[in-house]
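Undergrad:
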Amino acid sequence: MSSPALAVGLLAVLLLTLPFWLRNQYHLHIAIQVGIFAILAMSLNLLLGYTGQLSLGHAAFFGIGGYTSALLSKHLDVPVMLGFLAAVGLAALAGYLVGKISLRLRGAYFVLVSISFAGVIALVSVNWIELTNGPLGMPNVAAPGIVLPGVGEFVFRSKESYYYLVLGAAAVSYAVCHRLVHSRFGRACLALRENEVLAQAVGVNGTAYLVVAAVTSAAMAGAAGSLYVHYTRLVSPEVFLFSYTVSMVIMVVAGGKGTLLGPIVGAIIFTILPEVLRAVASYQWQMLAYGVLLILTIFFLPRGIVPAVTSWWGRRRRRAVTPGLVPVAESERTL
Amino acid sequence: MTVRFGGVAALSDVTFEAQTDHITSLIGPNGAGKTTLFNVVSGFLRPHGGDVRYEGTSILGLRPHQVAARGLVRTFQKTSVFPAVTVFENVMIALHTQGTAGVWDILRGGAKVRDEEARLTARAHELVEIVGLAYREGDVAGSLPYGEQRILEVAIALAARPRLLLLDEPAAGLNTGEREELIALIARLRSEGISVLLVEHDMRLVMGISDRVVCLDHGRVIAEGAPAVVRVHPEVVRAYLGISDGDEPSSSDQRTANGQALAAGGDTLTAER
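From first to last, the protein sequence lines are chains A and B.
In terms of our numbering, the first sequence has 89 at position 89, counting the first letter as 1, and numbering is strictly consecutive.
In terms of our numbering, the second sequence has 184 at position 184, counting the first letter as 1, and numbering is strictly consecutive.
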């Protein structure tokens with residue numbers, strides 16, 4: 001067995017058995033949050049990392065997903081699993097609208113339109129009181145359940161079961177990103193990020209690909225939103241907070257944008273870090289430490305943690321394979 | 001075709017033809033409108049009048065990616081590659097129009113998508129081989145020396161499977177060896193049935209490989225025909241020597257130098273850049 005395959009196998013075992021050795025409910029809660037944020041970060045990375053377009057309103061898609069499935073289950077008694085699909089669909093539609101409006105001009109225009117869109121949606125959630133119960137939000141959102149033939153309905157109420165639900169969703173998100181990135185579609189996105197004019201000259205329809213990327217990204221964020229509200233069992237305008245978007249951007253940039261693992265590593269570190277800091281310091285010191293760590297990461301690892309580790313590992317391996325035989329140009333290249 | 005920038009006519013009533021299986025060269029002093037013409041033909045710029053016809057149909061108003069999909073592929077005067085990815089990935093990206101997989105196909109996976117990927121991968125290796133960059137395949141494009149980046153540009157253009165290839169000053173800044181490789185490559189393209197429209201200041205290169213030469217000056221065609229004819233055409237010599245017939249400011253040293261080079265049968269005119 002090769003070492004990467006071994007590492008993947010070990011990681012899979014680790015993730016699948018986690019609830020059996022991480023018995024503390026609080027720790028399990030953090031693990032679930034990591035999973036939800038990993039999906040969000042992967043979703044943002046699809047846009048920011050691979051097409052170079054920054055969505056600063058990504059919390060909007062998260063919130064739309066959350067509200068959609070929460071409202072469907074509360075008002076219309078729609079089963080959560082169907083509501084989940086509706087959440088993904090509606091978030092995707094929102095991504096399509098925002099993309100269609102702004103991705104023709106892209107760059108700064110996309111940033112601005114995405115922020116404004118998030119602002120408008122958040123205002124709707126606060127002010128359309130008959131539908132959303134306004135700023136108070138709605139408690140007692142249903143927990144998702146599935147009907148198992150012969151067994152009856154299984155409800156994901158315990159943290160252990162919800163952990164597996166989130167793990168499954170994160171795995172599917174990762175698989176979607178993996179497929180898309182290593183494909184004709186992913187290469188078209190890269191082309192637009194790297195050199196848009198040349199991309200057009202070789203036949204890439206810029207706007208169309210960016211819109212598809214925005215739709216996929218928004219759909220994933222919507223899925224995360226739905227998972228989030230059915231986990232906390234509460235939906236409120238809090239889901240549209242700008243700080244969610246900021247967290248996603250931090251996770252993607254610090255973890256390594258334009259890499260598949262970067263957003264996941266970012267989600268793990270920047271979800272756990274505030275929790276650890278909370279245990280040892282008061283709020284002000286937490287924020288200060290968080291900020292300093294973030295600045296240090298960006299300053300010393302400008303491309304992010306994952307690319308830095310990958311190139312360090314590559315250098316180490318090459319040195320181990322051909323000691324002293326690396327041509328000058330070869331060794332310079334990795335620097 | 002006609003193109004105006006503000007009140008300035010960059011191209012006025014320019015009409016010419018690039019024939020199939022020919023290397024047609026577009027020459028002319030700086031500012032003559034060569035790149036503007038390229039931008040019009042490749043769909044990056046809309047002319048204010050006139051038409052661009054390709055294989056019998058008008059391609060006017062098509063967007064750049066649509067023009068490329070029809071087999072008209074261009075390179076750029078300023079070096080233009082996908083800098084942060086490898087040479088191989090550059091060519092893979094450029095094979096875009098050679099694949100058909102849509103997002104649904106990709107998400108579902110399956111044999112069709114895998115076969116297509118395998119086909120594109122093989123083709124990319126082949127193209128990198130053809131232009132002689134095989135030993136650079138895994139290197140990041142932005143780290144290549146200038147000359148190799150220019151060769152990579154040609155590989156990128158070839159990946160898009162052109163039937164008419166528009167090369168914008170491909171030899172600019174190349175050393176002698178790289179220049180020879182480029183000439184061999186262009187000649188090979190013609191033999192494989194790819195027509196070439198070339199903008200170039202290197203007169204020896206232009207006169208050596210072109211089937212036809214079109215000379216532009218101040219947005220007008222002043223001469224066209226076989227290289228030997230255009231080279232001695234009085235209007236062309238005048239444009240390069242800068243001899244005016246009264247109203248036109250002239251005698252810039254650069255122009256004179258170029259004209260002399262042209263009249264002498266072609267020293268390189270790289271100083272124009």
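In this text, a Cβ means the ideal position worked out from N, Cα and C, and glycines have one as well.
Fair warning: this is a prediction, and the values are worked out from it, not measured in the lab.
So R190 (chain B) is in the alpha helix (DSSP H); what residue range does that whole segment cover?
TA: For R190 (chain B), the enclosing alpha helix (DSSP H) has its first and last residue at 176 to 191.
Undergrad: Could you check whether the segment 225 to 243 of chain A touches the segment 252 to 259 of chain A, counting it as contact only if at least three pairs of C-beta atoms, one from each stretch, sit closer than 8 Å?
TA: Contact fails between the segment 225 to 243 of chain A and the segment 252 to 259 of chain A, because fewer than three Cβ pairs, one in each stretch, are under 8 Å apart.
Undergrad: Let me know the secondary structure DSSP gives E116 (chain B) once reduced to three states.
TA: helix
Undergrad: Along the alpha helix (DSSP H) that carries L165 (chain B), what are the first and last residues, could you check?
TA: It is not in any alpha helix (DSSP H) - L165 (chain B) instead sits in the beta strand (DSSP E) that spans 164 to 168.
Undergrad: Return the residue from the list A:L167, A:R303, A:G304 that minimises the CA-CA distance to L14 (chain A).
TA: A:L167
Undergrad: Which same chain residues end up closer than 7 Å to R106 (chain A) when comparing Cβ atoms and leaving out the 5 residues on each side of it in sequence?
TA: If we look at R106 (chain A) and ignore the five residues flanking it on each side, its Cβ neighbours are Q53, L210.
Undergrad: Would the segment 57 to 65 of chain B and the segment 177 to 188 of chain A be scored as touching if the rule is three or more Cβ pairs under 8 Å?
TA: no
Undergrad: Where do the N-terminal and C-terminal ends of the alpha helix (DSSP H) with R204 (chain B) fall, by residue?
TA: 203 to 209
Undergrad: Could you check which residue in A:W21, A:R187, A:S102, A:L40 has the C-alpha nearest to that of V249 (chain A)?
TA: A:L40
Undergrad: Please report the straight-line C-alpha distance between H233 (chain B) and A188 (chain A), rounded to a whole angstrom.
TA: 46 Å
Undergrad: Our contact map puts T24 (chain B) next to V214 (chain B) with C-beta atoms below 8 Å; I'd like the distance itself, whole angstroms only.
TA: 7 Å
Undergrad: R316 (chain A) touches chain B at which residues, Cβ-Cβ below 9 Å?
TA: Those within 9 Å of R316 (chain A) in chain B number zero; the least Cβ separation is about 18 Å.
Undergrad: Scan the segment 182 to 195 of chain A for residues whose Cβ lies nearer than 9 Å to a Cβ of chain B and list them as they occur along the chain.
TA: H182, S183, R184, F185, G186, R187, A188, L190, A191, R193, E194, N195
Undergrad: What are the residues that DSSP puts in a beta bridge with C215 (chain B)?
TA: C215 (chain B) is bridged to B:I27, B:A223.
Undergrad: At a CB distance below 8 Å, what residues from the segment 202 to 218 of chain A approach chain B? Give them in sequence order.
TA: V202, G203, V204, N205, G206, V212, T216
Undergrad: With 8 Å set as the bound, which would you pick, yes or no: does the beta-carbon of F274 (chain B) sit closer than that to a beta-carbon of chain A?
TA: With chain B represented from 1 up to 273, any question about residue 274 (chain B) goes unanswered, as that position is not in the structure.
Undergrad: Just curious, the alpha helix (DSSP H) that E160 (chain A) is in, first and last residue?
TA: 159 to 181
Undergrad: For the structure I just gave you, are there three or more beta carbon pairs, one from the segment 75 to 90 of chain B and one from the segment 149 to 168 of chain A, closer than 8 Å?
TA: no
Undergrad: Please report how far the alpha carbon of D51 (chain B) lies from the alpha carbon of A111 (chain B), in whole angstroms.
TA: In a straight line, the C-alpha of D51 (chain B) is about 43 Å away from that of A111 (chain B).
Undergrad: Taking the Cβ atom as the reference point for each residue, do S69 (chain A) and A94 (chain A) lie within a distance shorter than 8 Å?
TA: no
Undergrad: For L190 (chain A), collect the residues of the same chain with a Cβ closer than 7 Å to its Cβ; drop the 5 residues on either side in sequence, then sort them by chain order.
TA: Y50
Undergrad: Can you check which of these residues, A:R303, A:S311, A:W285, A:P263, is closest to L47 (chain A) by C-alpha distance?
TA: A:P263
Undergrad: Please list, in chain order, the chain B residues whose beta carbon lies closer than 8 Å to that of V179 (chain A).
TA: Note that residue 179 (chain A) is Arg in the sequence shown, not Val. Result: I106, L107, G109.
Undergrad: Going by Cα to Cα distance, which pick from B:Y135, B:G61, B:T100 is closest to L45 (chain B)?
TA: It is B:G61 whose Cα lies nearest to the Cα of L45 (chain B).
Undergrad: Quick one: Cα of E200 (chain B) to Cα of L167 (chain B), how far?
TA: 8 Å
Undergrad: Going by Cα to Cα distance, which pick from A:V235, A:F110, A:L71 is closest to T207 (chain A)?
TA: A:F110
Undergrad: Pull up the CB-CB distance for I101 (chain A) and V113 (chain A), whole angstroms please, since I reckon it's below 8 Å.
TA: Indeed, because the Cβ distance is near 6 Å, the residues count as touching under 8 Å.
Undergrad: In three-state terms, what does DSSP make of I146 (chain A)?
TA: strand
Undergrad: In angstroms, rounded to a whole number, what distance separates the CA positions of A84 (chain B) and E194 (chain A)?
TA: When rounded, the distance between both Cα atoms is 7 Å.
Undergrad: Starting from T86 (chain B), follow its DSSP beta bridges and name the residues at the other end.
TA: B:V140
Undergrad: Starting from G152 (chain A) and walking both ways along the alpha helix (DSSP H), at which residues does that stretch end?
TA: Per DSSP, G152 (chain A) belongs to no alpha helix (DSSP H); it is in the beta strand (DSSP E), 152 to 155.
Undergrad: Quick one: which chain A residues come within Cβ less than 8 Å of V103 (chain B)?
TA: Under a criterion of Cβ atoms nearer than 8 Å, the residues of chain A adjacent to V103 (chain B) are, in order, L180, F185, V212, T216.
Undergrad: Starting from R278 (chain A), trace the alpha helix (DSSP H) in both directions and tell me its first and last residue.
TA: Element bounds for R278 (chain A): 262 to 280.
Undergrad: Taking a Cβ distance cut-off of 8 Å, strictly less, list which residues of the segment 144 to 171 of chain B are near chain A, in chain order.
TA: Residues I156, A157, A159, A160.
Undergrad: Within 10 angstroms of its Cβ, does N205 (chain A) collect 16 or more other Cβ (buried), or is it exposed?
TA: buried
Undergrad: Excluding the five sequence neighbours on either side, which residues of its own chain have a C-beta within less than 7 Å of the C-beta of V231 (chain A), listed in chain order?
TA: Per the sequence presented here, residue 231 (chain A) reads as Tyr, with Val not at that position. Result list for Y231 (chain A): I32, Y162, in chain order.
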